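Chains as they are written, first to last, in this note's numbering: chain A, 74 to 333; chain B, 6 to 260.
Note that the Cβ used here is the ideal one computed from N, Cα and C, for glycine as well.
On a predicted model such as this, the values are computed, not experimentally measured, just so you know.
Working notes, structure below.
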Amino acid sequence: MSRSGIEPLFAEAASWDLFDANVRVGPSGIHGELALGAAALLEEMERFAIRNALVSHWTAEEYDAETGNRALERDLLPRFTPAWAALPDAEALDALAARRPLAVRLSPGVNQHNFPLASWCAGPLFEYLQARSVLVLISRADIEWDVLARVMADFPALVVVLLDVGYRSDRYLFPLLAKFRQLHFDGATYLAHRQLEAFVDRDGPDRLLFGSRLPLYTPAAALGVLASARISSDARLGIAGGNLRRLLAACRNRAAQVGA
Amino acid sequence: MRSPVSVFDCHGHLGTHVDFPACKADPDSMVAVMDHLNIERLAVTSTLACYNDCPRGNAEVDALLKRYPDRFFGYITVNPNPPGHAIAELQRWRHFHAPPLIKLHPGLHRYPVIGPNYEPIWDYANQTHAIVLVHTWDSDPNCGPLLFVALAKMYPRARILLGHSGVTWRGYHQSIEAASQAPNLYLDLCGSQNHRLILERCVDRLGTSRILFGSDLPYLDASMTLARVLTADVPDAAKEEILRMNFLRLLTETT
């Protein structure tokens, strides 16, 4: 056992080409002790063999979307793929389009960007995102299940990545996954006993993405679950990063077809 | 992934879940996971008893201990309501282990751990030098970690394990604060929130001798807390104490 314990424990993870779907960077007014700047975040990713990450900015989530997106531009490192903050306002949508997004992270809560996800408000935003297959990241805490179902029904090509689903969600998650092929979720909090492998046995690995919840959580937890799950090597590689890369590639291809 | 240290795990369950489908939670599947991760012994409490029916739940633990005497320890789970039943239950199953292992769940039993119906149980625990695992949660009026400072001082021979250490970032800090004020309070690491740096902070404030590995198996995936400990920035000797030696010492201390 080494002091860090990581190398012997996760030696095999170095070959998994991990792509983390659930990462934030920058200062946090709420989680100040745990927040990480870009260099420190990259260092933490390195410790756990995480090659790439979808990264959003705390400043966008806790303060102002455009200010946060500019901070994200400043903090971007080559191994980060930006998950921009997005708003339903026409001006904000123009600014988002200029960034040619591959992914956005929505924070619609009343204490955050405070907007409804209904078509009468967010319709143009969702139209834009689904036309370009942009990944829409949203935390389970920020969207009710019924609202999620309505959004996916109204925008059937919208690619949704539900973050932080928790381990008690299967009775909600399973029917939605069966009904909506566009729904995916991350494993950062999907951590009940043998839950991941039971899901893969049931539905296959394609809808599940590796997520750590850095910088709040240590990647050790989600990585430990993925490493010890009794699933096929192909399934593990898909969850580790293959599934997310496939979704991002589809977005790039779609953007090339439809133009900016 | 496998622990290089043969683990003594202070927090497990027997039974299914009320709020989501259980996956492979039967004892044989649990033992398979324990073998896979190198968990030598697991102390279990009956989930049925934590929710609803202590006599029947403790009987399930009794059957498990008979079937797997070398892999499990058994907590006797007691409910403060109705008053008077708990001591009879503790007497009935006293063959589980000496000193006794007692499980309290003030959250699910919806009764404050400092309430009068718990007093006979704490008296019994104090007299018998029991190991008492109590579910805790950040600031909870029934089982917030800071409630345990006065209890630990009132019942100094009881070894009280703060189950989940309050779970959240703030709950952990409440547990650290409580344990810093009473030497018979211990931190149990299992829980669904996996904050960076928190284990290092526990070690920094309390040292390693009162931090115990718990998995919550088969409720939570045992590999997540195991990975959290094994990758923490603390010395190897501390990891070995946390994963094995601390709980083993509590189990064998009789005075």
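Skipping 5 residues on each side, what residues in its chain have a beta carbon closer than 6 Å to that of residue i?
i	result
L145/A	H130, P155
F228/A	F199, Q203
A323/A	S206
D90/A	R124, G314
P278/A	A308, G311, I312
A68/B	none
T230/B	L194, C195, S220
G37/A	Nothing in the structure corresponds to residue 37/A, since chain A is present only between 74 and 333.
I211/A	L179
S192/A	D227
Does the CB of residue i have a neighbour CB from chain A at under 8 Å?
i	result
L3/B	The structure shown does not extend to residue 3/B, since chain B is modelled only from 6 to 260, so the question has no answer here.
N199/B	yes
A232/B	yes
D226/B	yes
L69/B	no
M250/B	no
S202/B	One point to set straight first is that residue 202/B is Leu, not Ser, in the sequence displayed. True, the Cβ-Cβ gap to chain A drops below 8 Å.
M229/B	yes
M6/B	yes
Under a three-way DSSP split, which group does residue i fall into?
i	result
A155/B	helix
A94/A	strand
G62/B	helix
S285/A	coil
K29/B	coil
Y92/B	The sequence shown places Ile at residue 92/B, rather than the Tyr named in the question. Of the three classes helix, strand and coil, the one that applies to I92/B here is helix, per DSSP.
G17/B	strand
Y290/A	strand
D276/A	helix
D128/B	helix
G79/B	strand
R162/B	coil
V36/B	helix
A159/A	coil
I230/B	Note on residue identity: the sequence assigns Thr, not Ile, to residue 230/B. If DSSP states are grouped into helix, strand and coil, T230/B belongs with the helices.
V207/A	coil
Could you confirm whether any beta carbon from chain B is found closer than 8 Å to the beta carbon of residue i?
i	result
R76/A	With a pLDDT of 46 at R76/A, under the threshold of 50, the predicted position of this residue should be treated as unreliable, though the coordinate-derived value follows. So yes, R76/A belongs to the interface.
R244/A	yes
N316/A	no
V220/A	no
R309/A	no
V298/A	yes
A108/A	no
L281/A	no
S301/A	yes
P288/A	yes
A341/A	With chain A covering 74 to 333 only, the question about residue 341/A has no answer from this structure.
R241/A	yes
Tell me whether residue i is buried or exposed, calling it buried when 16 or more other Cβ atoms sit within 10 Å of its Cβ.
i	result
R254/B	exposed
T140/A	exposed
L296/A	buried
N187/A	exposed
H100/B	exposed
T257/B	exposed
E205/B	exposed
S88/A	exposed
D14/B	buried
L150/A	exposed
G332/A	exposed
So, for residue i: in the same chain, excluding its five sequence neighbours on each side, which residues have a beta-carbon less than 7 Å away from its beta-carbon?
i	result
M225/A	L231, V233, F253, Q255, L256
L190/A	P181, I216, V220, V224
D276/A	L250
L53/B	G20, R61, G62, E65
A108/A	G99, P100, S101, W131, P288
Among the residues of its own chain, which have a CB less than 8 Å from the CB of residue i, if the five just before and after it don't count?
i	result
L211/B	I181, A184, S185, L192
R70/A	The displayed coordinates of chain A run from 74 to 333. Any statement about residue 70/A would go beyond what the structure contains.
V118/B	L109, P111, V139, N147, C148, L152, F153, L156
T261/B	Beyond the ends of chain B as shown, which are 6 and 260, falls residue 261/B; an answer cannot be given.
Can you find a C-beta in chain E that's less than 8 Å from the C-beta of residue i?
i	result
L222/B	No chain E is present in this structure, whose protein chains are A and B.
Interface residues of the segment 18 to 31 of chain B facing chain A [CB-CB below 7 Å]
D24, F25, P26, C28, K29, A30
Which residues, taken in chain order from the segment 33 to 52 of chain B, show a beta carbon closer than 8 Å to some beta carbon of chain A?
S34, V38, H41, L42
When you check each C-beta in the segment 257 to 271 of chain A against every C-beta of chain B, which residues fall closer than 8 Å?
T262, L264, A265, H266, R267, Q268, L269, E270, A271
Give the residues from the segment 158 to 182 of chain A that approach chain B closer than 9 Å (Cβ to any Cβ), ordered along the chain.
none
In chain order, what residues of the segment 134 to 160 of chain A put their CB closer than 8 Å to some CB of chain B?
none
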